[in-house]
Amino acid sequence: MFSNYVNLLPHDYSLTQWVVLCICAVCVGLNKTAMPGMGVVVVPLMASFFPAGSSTGLLLIMLATGDLMAVGFYHRHAKWKYILRLLLAALAGMAVGTVVVRRISDAQLAPIIGVIVLVMLAANYLRGIMRQDYSRLPHHVLFAAVMGFLAGLTTQLANAAGPIMVIYLLAMNLPKFEFIGTSAWFFLIVNWIKVPIFMSEGRITAGAIASDAIMLPLIVAGAVAGLFILKKVPQKWFNIAMQIFAATAAIKLLF
């Protein structure tokens, strides 16, 4: 009976792929409302079980949906001056990423995603050991331009700009709710701009949209569950586990 149900689903995925898609949907919900940085786990996981190009399209739909919920929770806490500082450079980075992704194949994109995730994990590690020095970073337009460009480039290639935003917003010394609200609005704008671009590149198809529509209840469940789980699990040990898992998946993509 279950196999008959699988055959009725809107895309020809294996059972394993559907399980991975479900896990990633829950993780996206958690990432958007309570656990920034969890997206770095989802990117290599998706790319490990789906063709690299289509994995980014499937993931983008879920991320864009999660952004709507994140903004719904935290829209009043956004600091728009930080968003506006990043946007122009982010759009430039997205333009470069669009040119790059149209010149490479899925086989070439998979290791690129792996490298991006490993670099982002290293950046997260440096963020942890250098946190006390963030107050010394200049609030200079060049710093925002560089971070914005990198965010745009990595999000266009692999939906992997989360750690860059974490580093930038921590450098701005934003309180927790303003941090999440600012990040939520930035990614809402960027990810919804990317949707038609990904469609034109063939990374988002009608089948992918239908598949992700089935995941919507799991994204919502993850978003709601994250608000409770975060209170119970020590963040330090959770982050360590997630980074080890993401690094393992990213290394797999390299080979």
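In this text, residue positions in the sequence shown follow this note's numbering: the first is 1010, and each later residue adds one.
Virtual Cβ for every residue (Gly too), placed ideally from N, Cα, C.
Cβ-Cβ distance between residue i and residue j below 8 Å
i	j	result
ALA1079	MET1224	no
GLY1235	MET1044	yes
GLY1048	GLY1161	no
PHE1196	ILE1092	no
GLY1231	VAL1037	yes
Own chain partners of residue i with C-beta closer than 8 Å, once the 5 adjacent residues on each side are dropped
i	result
VAL1242	none
THR1107	GLN1165, ILE1206 and GLU1210
Nonlocal neighbours in the same chain, by C-beta distance under 7 Å from residue i, ignoring five residues either side
i	result
GLN1026	PHE1058 and PHE1059
Close Cβ partners of residue i (< 6 Å) along its chain, the five nearest in sequence each way excluded
i	result
ALA1098	ALA1154, GLY1157 and PHE1158
ALA1256	LEU1130
HIS1086	PHE1186, GLU1187 and GLY1190
Unbroken alpha helix (DSSP H) run spanning residue i, endpoints
i	result
LEU1183	Neither: LEU1183 is in no alpha helix (DSSP H) and is coded neither H nor E.
ARG1278	In the structure as shown, the chain starts at 1010 and stops at 1264, and residue 1278 therefore has no counterpart that could be examined.
ILE1213	Segment: none, ILE1213 is in no alpha helix (DSSP H) and carries neither H nor E.
ALA1167	1150–1167
ARG1059	Per the sequence shown, the amino acid found at residue 1059 is Phe instead of Arg. No alpha helix (DSSP H) contains PHE1059, which DSSP labels as neither H nor E.
Helix, strand or coil at residue i [DSSP, three-state]
i	result
TYR1022	coil
HIS1084	helix
MET1078	helix
VAL1242	coil
MET1044	coil
Cβ distance (whole Å) where residue i is taken to contact residue j below 8 Å
i	j	result
VAL1204	ILE1213	7 Å
LEU1067	SER1220	7 Å
ALA1217	ILE1122	That pair is no contact at about 17 Å.
Residue i at chain C interface by Cβ criterion, 8 Å
i	result
ALA1170	Judged by its chain identifiers, the structure shown contains no chain C, having just a single protein chain.
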